[in-house]
Amino acid sequence: MLPDVARPDTHIEVRGLGKRFDDSWALRGLDFRLRRGEVAVFLGGSGAGKTTLLKLLIGLERPTEGEILLDGEDIARLGGQQLNRVRRKLGMVFQYSALLDSMNVFENVSFPLREHRKHLTTKQMREMVSTKLAALGLHDIERKRPSELSGGMRKRVALARALMLEPEAIFYDEPTSGLDPLTSRVVDDMILETRERFGVTSVVISHDLAGALRTADSVFVLEQGSLATSGSPRQLLAERHPLVRRFLEASGVAEERLFPGGSSG
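Each residue of the sequence shown is one higher than the last, beginning at 39 in the numbering used here.
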């Protein structure tokens with residue numbers, strides 16, 4: 039267990055987190071801290087517990103045991119209006135963007151405003167949407183449908199929607215799943231650019247080790263519901279944990295392409 043005194047820069051902290059379904063533990067004994075503004079990637083294969091962890095962190099599931107602290111407040115114990123208040127501090131980018139095909143880009147991106155900022159006029163919403171899209175490199179696409187956009191553009195539109203309520207943290211669910219290598223690299227860059235521009239803490243659920251090693255400040259590797267190992271990308275490569283090695287071999291990406299200067303240091 040982590041000590042009770044948190045560091046001043048701690049944004050999200052998990053203590054003794056566990057989730058049981060019937061007689062099976064999907065997660066158990068997770069302890070970690072994320073600094074404000076950090077990019078943290080959680081890696082693992084199928085059944086490792088990544089999706090369960092994501093649902094717990096954003097309050098869609100309740101843990102069986104443990105704490106989830108956001109700015110020191112245990113969101114696992116909140117309910118109703120209190121949990122909704124906390125969720126407004128969190129943005130979510132879904133695996134396949136989850137844009138509504140029946141709506142154009144403006145309608146998709148402004149959806150959180152129409153739900154939570156009902157006092158705004160349509161003109162104000164249009165200005166806010168255009169500003170957010172422009173900040174992500176998208177211009178004059180408000181009237182387009184999601185089907186008219188490339189995979190990378192859809193990800194940016196989904197991110198714009200997630201940023202509309204000015205969240206403190208953004209959660210990405212398998213952001214590069216189903217994308218080609220070039221578009222995956224664009225999405226990786228988008229995550230870093232978003233951190234730099236908006237100062238958000240970024241939590242990425244992924245199976246893409248190569249992308250994680252390029253973008254993350256910290257990588258957490260899950261195996262069968264437990265934390266197998268964690269550290270900076272260079273630390274993980276230097277440690278040569280068997281699971282990390284298997285992921286790297288499966289990715290087909292050589293270490294020297296990720297860190298031309300070497301994997302240590």
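C-beta: ideal position from N, C-alpha, C; glycine also.
Here the structure is a predicted model, which is why all the values come from computation and not from measurement.
Neighbour-count burial assignment, residue i, 16 or more Cβ in a 10 Å radius
i	result
Arg280	Residue 280 is actually Pro in this sequence, not Arg. Exposed, since its Cβ has fewer than 16 Cβ neighbours within 10 Å.
Leu286	buried
Phe59	exposed
Val43	Because Val43 carries a pLDDT of 45, less than 50, the predicted location of this residue cannot be relied on, and no value is offered for it.
Asp61	exposed
Gly104	buried
Arg284	exposed
Arg181	exposed
Thr169	exposed
Leu197	buried
Lys156	exposed
Asn146	buried
Lys161	exposed
Ser270	exposed
Asp227	exposed
Asp211	buried
Ala288	exposed
Leu138	exposed
Leu304	The question about residue 304 has no answer here: the residues shown for the chain are numbered 39 through 303.
Residue i, enclosing beta strand (DSSP E) - first and last residue
i	result
Asp69	Ser62 to Arg73
Boundaries of the alpha helix (DSSP H) in which residue i is found, first to last residue
i	result
Ala198	Gly189 to Leu201
His154	Phe149 to His154
Gly104	Here Gly104 belongs to no alpha helix (DSSP H); instead the beta strand (DSSP E) covers Glu103 to Leu108.
Val225	Pro219 to Phe236
Leu92	Lys88 to Leu95
Ala309	Limits of the chain in this structure are 39 at one end and 303 at the other, which puts residue 309 out of reach.
Asn142	It is not in any alpha helix (DSSP H) - Asn142 carries neither H nor E in the DSSP assignment.
Gly118	Gly118 to Arg125
Residues bridged to residue i (per DSSP)
i	result
Met130	Phe209
Ile50	Leu72 and Leu108
Arg58	Trp63
Ala78	Val241 and Ser256
C-beta contact flag for residue i and residue j at 9 Å
i	j	result
Asp73	Thr253	Note that residue 73 is Arg in the sequence shown, not Asp. Their beta carbons are not under 9 Å apart, which means Arg73 does not touch Thr253 by this criterion.
Ile304	Pro219	One cannot answer for residue 304 here, as it falls past the ends of the chain, which runs 39 to 303.
Arg194	Leu171	yes
Arg199	His154	no
Phe70	Ser268	yes
Val52	Ser256	no
Val79	Ile243	yes
Gly190	Thr232	no
Arg152	Met166	no
Ala64	Thr90	yes
Gly129	Leu176	no
Gly83	Gly67	no
Ala266	Leu275	no
Ile50	Leu121	no
His245	Leu92	no
Ala86	Gly263	yes
Arg192	Ser135	yes
**Study point:** Inside the region 235-294 only - alpha helix (DSSP H) runs reaching at least 4 residues
**Key:** Complete alpha helix (DSSP H) runs here, min 4: 247-253, 271-277 and 280-289.
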